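Those protein sequence lines, which keep their order, are chains D, E and Y. My numbering numbers the first residue of the first sequence as 1 and each following residue consecutively. My numbering numbers the first residue of the second sequence as 1001 and each following residue consecutively. My numbering numbers the first residue of the third sequence as 2001 and each following residue consecutively. Backbone N, C-alpha and C define an ideal beta-carbon position, used for all residues, glycine too. Fair warning: this is a prediction, and the values are worked out from it, not measured in the lab. Here is the structure we will look at, set down as C-alpha cells.
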Amino acid sequence: MRYLLVVLVGLTLLPGSLGSATAQAATLTVYSGRTRELIEPLFAQFMKATGIQVRVRYGETAELAATILEEGQNSPADVYFAQDAGALGALAYAGRLRRLPDGVLQKVESRFQSSDGAWVGVSGRARVVVYNTRRLTARDLPASLQDFTHPRWRGRIGWAPTNGSFQAHVTALRLLWGNERTKQWLTAIKANGARAYRNNTAIVAAVGTGEVDVGFVNHYYLFGFIRERGQAFPARNYYFPGADAGNLVNAAGAGVVDSSRNQAAALQLVQYLLSEDAQRYFSNQTFEYPLVSGVPASPLLLPLSQIKTPKIDLNHLQALEQTLKLLREAGIL
Amino acid sequence: MATAVPGLGSLGRQAVERRPAAPPLVWVPALLVAGAALLPIAYLIVRAAGADEGIWLLLLSPRTFRLFINTVLLGAAVAATAILIAVPAAWLTVRTDLPGASAWRVLTVMPLVVPSYVGAFVLITVLGPTGILQAALERLWGVTRLLDIYGFFGAWFTLSLFTYPYVLLSVRAGLRGIDPAIEEASRALGQSGWTTFRRVTLPLLRPSIGAGALLVLLYVFSDFGAVSMMQFDSFTTAIYLQYQASFNRSYAAALSLVLVALTVLVVVLEGRQSRVRYHRIGSATARLPRRVHLGQWTRPALLFLAAIATVGVVMPVGVVTYWLVVGLRHGDSILVSLRPAINSITASVLSALLTVAAAMPVAVLSVRFRGRLSTAITRVSYAGYALPGIVVALSLVFFAARYVVPLYQTLALLVFGYMILFLPQALGPLRSALLQVSPAQEESARTLGRTAREVALTITVPLARSGVVAGAALVFLTTMKELPATLLLSPIGFDTLATRVWSAATEGFFSRAAVPALLLLLASSLSVGLLLSQERNRWRDE
Amino acid sequence: MSDAIRIRRLAKTYGGLLVLGGFDLTVRRGEILVLLGPSGCGKTTVLRLIAGLEVPDAGTIEVDGQAVSGPGVMVPPERRRVGMVFQEYALFPHLTVAQNIAYGLTRGTEDPSRVTELLEVVGLRGLEDRMAYELSGGQQQRVALARAMAREPLVVLLDEPFSNLDADLRQQLREEMREILQRTHTTAVFVTHDQEEALQIGDQVAVLNRGSVEQIGTPEEIYQQPRTRFIATFLGRADFLSATVTRDGLLTEIGRIAQRVPLAEGTAVDVLVRADDVALASGDGGTVISRLFKGMQNVYRVKLRSGRVVQSLQDHTVRYAIGSSVRVIVDPGHPLVCFPNGEAILAEMVPDPEPAR
C-alpha cells in the first residue's frame, strides 16, 4: 500500500510541476467568472496577437472573488474578469485590484468603470424583461417596472433573487427610489406570485416554455436560446420606453490583481479586452453591448444610446449589504 | 489480578476487552486522515472568528431557523424515501426470481450517475408546469398547466430519485451478508415470509440501511445544485448566498459551522445503533439463499422498478439526447473533445484510490479497535461530506495558498480535496466489508508467522475487496459529478466533463452541454458496471 | 530437554472479570495435552495467551524454553512458532487450499513439495486448487490443521476444532488427527468441553475450573481418580452413594461394597459410582425410572429407597421395564473414589470371598 501511495503522490504532482515549469514570465493567469463557452476565443486571439500565454480558471464570479481573497498575496491570478460590477467592487474594496492607467480608463464611459480606477467595464448588459411571444406582444407590457405589481401579472413573473445581476438591479432601485419604495415594490412583486429561479438562464428557459410569461433578466441570455432553438424560440426582450428604473445597464469588467507579478502583461490583456477586435467580439458573439465608442452593437439589440437609463453610478452596486438586508426584510431571501 | 505488567507499555493496558491496541500502522495514518478532514473545520473557525456582531443577527434570525428546519425536513424526507425505494428494490433484485434480475441490478443503480443539477433540470424540463409532459397532455386533453414541481416537492423528488442508490447498494451488500439460515430458522419457527422479513431480515439490515441513509442525508445537507434549481431554500442555499451575493466569507463560515454541528449530531445518532455482529457465527459454510418465487407479484414488482428506471435513467438520457438533436438541427457546431473526459476519469480514478487508501486505516480502526479515539476519528471523517463543496474548496485554497504553495492548484491538491469531500462514501462499504471478516482469520494469519502489517496486506485488504471496490466506485462516481471544488482547486486549464456541462448550461448552451453530459453518463455507467460485476462475484462466492 | 510449554502464575482479566488466576501448566514435547472444562472456564484464553493473541496481566509463558510472555517480554504471535487451529477454522476464503497451507511458509521459498506433503498427511491430495469455501466442513478442518502445521511449529494449538462437525465426522477426525499428530511427533494443546473427546485424544488431560487447573493426568487417571467432585461430575455419568467406612468395606444403602478406605471407621463418605460400575439384578432395592437407548447399550436410571438415583450401563439386549424393581449391585473391578469431605481418597479393593451376582 505504501508503494501505491508513493506512486499516487508522484502521479498527482506530475501535471502540477509540469505546469509550473512551463509557467514562464510571459504567462498570464486569468480568473474568469465569464464562461469558457463565451470567452475562450477572445483569449485565443489575444495569445495569437501578443504571444503571451493565457491560462484561465473559469468559475462562478463570486466564488473566484472569494478565492482571490482567500489566496491572499500568493494568488496566482493576474487578471480578474467578472460578470458584474458587484464582485469587482468587492475585490476593489478589499484593496485587491491595482489602479488602471488613465489611458485605459478613458476608453470607456465613466459610468462603466470604478470611480477609483480599480476596474473597467468591458461589455455592457442591459436589464430587460423577457416575455413569451405566444402569450404576449410588446404592446401588452407595461411602461414601468413598477407596473408589474398590478394583479394582472399575478403568477406570471419569473425572477432570480439570489442572482448577482438581479441584486445589482435592486441596488440601483434603492438608489433611484429609496429603500422604502424599493421594499414595497419587492414585497408587492413577491405577493404577486413571482417565481424565484436560480439564474437568468433558468428564467429564459421558463419563459420559453410558458411556465411564466415574463422574467427580469439580462438581455443576452435570450440569444443563446435563439441560436440553439432557432428564431421560433417564443421569447423576446422588452426595454421600457422611458427612463425607467427597469432600464439598467450593468457592466462585465476586468481588473488587475494587486499581487500579480505580470502587471504589464495583465494590463495588456485588459487593454485587449477594450480593443476593437474584442469589442466586436462582444457585440457579435455574446450579444453584449460594446463599451468602447466606435464599435456598433449587434443589430439585434436596441442600441445602447437608445436605452433610456436613469443616472446610476455602478460603483455603488457593490453596496450589497443593504440590498441583501432589504431582500431579507421583504422575505425574499 | 490487577498486577501491573511492566514493559507492556500504556497501549497494552488500554486494550479494551479482547482486542489489543491498534498498531501504529493503523492509528498513525488514521490520525492523519482525521487531521485532513478537520482542515475545513479549522478554516471555518478561523473565518467565523473574524465575523462582526451582525453574525448573531444572521444566525439567530427566524429565516436561518427556517432554513435549518427546511434542511432537516428535506434530509429526513429524502432519506426516508430513499429507504422506501431502496429496500424493496434491493430485495427484489437480490432475493427473488424477478425476470431480468441482472439487468435490473444495473438499471436500479444508474440514477446514481446523474449529477443532481442535471437531474433537477431534466425533471423540470419534463415534469415542470409547462414541461414536455404538459405539452403532450395539452395536445391530448388540453391540460395547460401541471401541478407545480418547484419547492419542497421538487427538491425532495429529485434528491430521492438520484440518491436512493446509496441505500440500495448498501442494503444489497447487507442482504448478501445475512446467513440464510437465520431467516430459515424464523420460517421454521412458524413465521410467515413477511413477518420474517419484518422481524429478522429488516433488523439485520438496519446497519446497512443506516449507513446508506447517512450518506443520503448528508448529501442532501451539502447539495446546492438540486435545491437551487428546484427553488427550495436550504441551509446550503444560505451559505452560497453569502459567497455569491454579499462576498461575506465570515458569515458563510458561521453558517457552515452550524451545518457541521448538525452533521456531528446526525453521525452520533446514527452511531448509537446497536452493535450488531456481522461476521458469521458458527458454521463456516453458508449456503446461497433460496430464491423467492414472486408469482403474481412479478408484474407489480416489474412496474415498480420500471417506474424508477424510467424517471431516473431513461428520462435524463432522453432529455440530454434531445438537447443534442435540437442543437444539431439548428446548425450548432458540436465539438467532441476527449480531453475533459480523460481529465475527469484521471481525477476520479486518483480520487477513488486515495480516498479508499485513506478510508482503510480509519475503517480498520473503527471496526477492529473500538474505543473513544477510533469513534472520534470515524465521526470527524464525515465532516467534509456534509459541507457544500465550495466551503471545502475555499478551506483548501486558504491553507494551500498560504502554507504549501507548491501544491496549490495541482492535481494532488484537487484529489486531496476530493478525499476530504468523499471519505464517508469509501468508509461505509469498507467498514461493512471488514465487519464481515472474522478476526480469527487475521489472528490465524498472525500465528502463521506473518506480522500485523503483512496480515493487513495479505488477508484483511483482500478479504475486504468487495468493500474496497464498492467504495472506490462510489467515490469515482461522485468525483465525476463534482463541480464546485473542481472549479476552484483543479490545475488551471484542467477541464472536466462536469465543468464543461456547467460552463455550457449556465449560458443556456444546452446542446453544447449535451456531449459532455452524455460522456459523463457513459463513463459513470461503466463504473457502475464495475461496481456490479463485483457484486455478482460476491454472490457466487457465497 | 526443555518442556514444550511452561506456564507459571498466569493471570488474565477481561473488563475486571478474572478469567485466569495463578494458572500453571507444563506440556511435554510430543505430547497431546487436552484442556478440558466447561465453557467460560478460561481454556480458550489459555490458548490465545500461548499464541500471543492476548497479553497476560501477570505470569510467564515459555515455549521451548524461551520466554514469550512475561514481565518485559511480549513476543508477537508471528515469532512464536506456535500454530493454531481455530474453532471456526478461519480459512482464507480468497485463497485456494494450497495457498492457504502455503500462507505461513516463508515467502519466496515456498516449497511446493511441503504443501503436497501436508496435503498427503491430512488426506486431501488433489484438492490443492479448490477454493477454501468449496470444501466440506471436515475438509476445511483438515486444511486448517495442515496450514497450522506447515511451518513446523513447536506447538499446535487447537481450539475446539470439531465443534462445528457432525458426530460421525467428529469421531473420524478425532482418530485421524490424533494419528497425524502422533505420527509427526507434534506437540499439541487441544481445547474442548467434550469429556469424551478429551479422553480419546489426550496423552494428558488438564481439567480447568474457574480459571485454574483442577487436575492434570492421563485420561485414565482423570477418569478413574478424579480429585474433586467437579471433575468426577464433569467426566461421565457420575452418581454418588452415601457410605460409612467400616473395617471390611463401605456400607451403603444397597449393601456393602468390598473396598477399604484409609479412614477412621464410621466416617461418612460419598462414593463415586459411574454407570459402568453399577450392575442390576432381579430383586428389589431400586425402581427403574427411565431408560436411555444408546444403540449398543442402554443406560437405566434407578431410584433407590433413599431417593438417590444411580445410573447403570447395560447391554442393549438386557431389558428392564420402566417401574420394575431391581437389585442394584456395585462391583466395579477397580478401586472406587470416595469423597469424605472435599479431597478424594482412593479406596483399595479387598478380595471378596463372595462376589455379588
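Does residue i get closer than 8 Å to chain Y when you measure Cβ to Cβ?
| i | result |
| --- | --- |
| E/Q1302 | The residue asked about is misnamed: residue 1302 of chain E is Leu in this sequence, not Gln. No, no contact with chain Y. |
| E/E1138 | no |
| E/A1440 | yes |
At the 8 Å Cβ level, is residue i part of the contact set with chain D, yes or no?
| i | result |
| --- | --- |
| E/M1110 | no |
| E/T1285 | Residue placement at E/T1285 is poorly supported in this model, since its pLDDT is 40, which falls under 50; the coordinates are not used for a value here. |
| E/L1123 | no |
| E/T1506 | yes |
| E/T1071 | no |
| E/F1509 | yes |
I'd like to check one pair, residue j with residue i: are the Cβ atoms closer than 8 Å?
| i | j | result |
| --- | --- | --- |
| D/G224 | D/G164 | no |
| Y/V2330 | Y/D2277 | yes |
| E/F1121 | D/A90 | no |
| Y/A2188 | Y/V2213 | no |
| E/R1446 | E/T1458 | no |
| E/V1356 | E/V1468 | yes |
| Y/G2037 | Y/V2207 | yes |
| E/S1256 | E/V1126 | no |
Buried or exposed for residue i, going by 16 or more other Cβ atoms inside 10 Å?
| i | result |
| --- | --- |
| E/Y1403 | exposed |
| Y/M2296 | exposed |
| Y/G2072 | exposed |
| D/A265 | buried |
| E/L1338 | exposed |
| D/R57 | buried |
| D/Q146 | buried |
| Y/T2244 | exposed |
So, is the C-beta of residue i closer than 8 Å to a C-beta in chain E?
| i | result |
| --- | --- |
| D/T35 | yes |
| Y/E2078 | yes |
| D/L314 | no |
| Y/A2067 | no |
| D/P234 | no |
| Y/M2177 | no |
| Y/V2191 | no |
| D/L5 | With a pLDDT of 48 at D/L5, under the threshold of 50, the predicted position of this residue should be treated as unreliable, though the coordinate-derived value follows. So, interface residue. |
| Y/M2296 | no |
| Y/E2088 | yes |
| D/F43 | no |
| Y/I2092 | First, the residue type needs correcting, since residue 2092 of chain Y is Phe and not Ile in the sequence shown. Cβ-Cβ to chain E under 8 Å: yes for Y/F2092. |
| D/A245 | no |
Taking residue i and residue j to be in contact with their CB atoms under 8 Å, please state how far apart those CB atoms are, rounded to whole angstroms.
| i | j | result |
| --- | --- | --- |
| D/G215 | D/I157 | 7 Å |
| E/V1109 | E/L1168 | 6 Å |
| E/A1254 | E/L1059 | 6 Å |
| D/T29 | D/A62 | The pair is not a contact, with the Cβ atoms about 19 Å apart (cut-off 8 Å). |
| D/V382 | D/L291 | Nothing in the structure corresponds to residue 382 of chain D, since chain D is present only between 1 and 333. |
| D/D277 | D/Q45 | 6 Å |
Can you list, in chain order, the residues of its chain with a C-beta nearer than 8 Å to that of residue i? Leave out the 5 residues immediately preceding and following it.
| i | result |
| --- | --- |
| D/N235 | Reading off the sequence, residue 235 of chain D comes out as Ala, not Asn. Answer for D/A235: V130, Y131, N132, T133, V204, V207, G208, L222, F225, listed in chain order. |
| E/R1379 | V1264, V1267, V1268, G1271 |
| D/L332 | According to the sequence shown, residue 332 of chain D is Ile rather than Leu. P161, L186, K190, A196. |
| E/G1282 | Unreliable placement is indicated for E/G1282, whose pLDDT of 36 sits below 50; the coordinate value is still reported in the next sentence. Closer than 8 Å at Cβ, skipping near neighbours: no residue. |
Going by beta carbon distance, what residues of the same chain come within less than 7 Å of residue i, once the five residues before and after it are set aside?
| i | result |
| --- | --- |
| Y/T2044 | D2159, V2191 |
| E/D1233 | L1067, N1070 |
| E/T1003 | Because the pLDDT at E/T1003 is just 33, under 50, the model does not fix this residue reliably, and the value given afterwards should be weighed accordingly. Around E/T1003: no qualifying Cβ. |
| E/S1208 | S1170, V1171, A1173, G1174, S1432 |
| E/A1363 | L1427, L1430, R1431, L1434 |
If I measure Cβ to Cβ from residue i and keep anything under 6 Å in the same chain, skipping five residues before and after, which residues do I get?
| i | result |
| --- | --- |
| E/S1274 | The predicted model places E/S1274 with a pLDDT of 46, which falls under 50 and marks its position as unreliable, so this point remains unresolved. |
| E/L1414 | L1489, S1490 |
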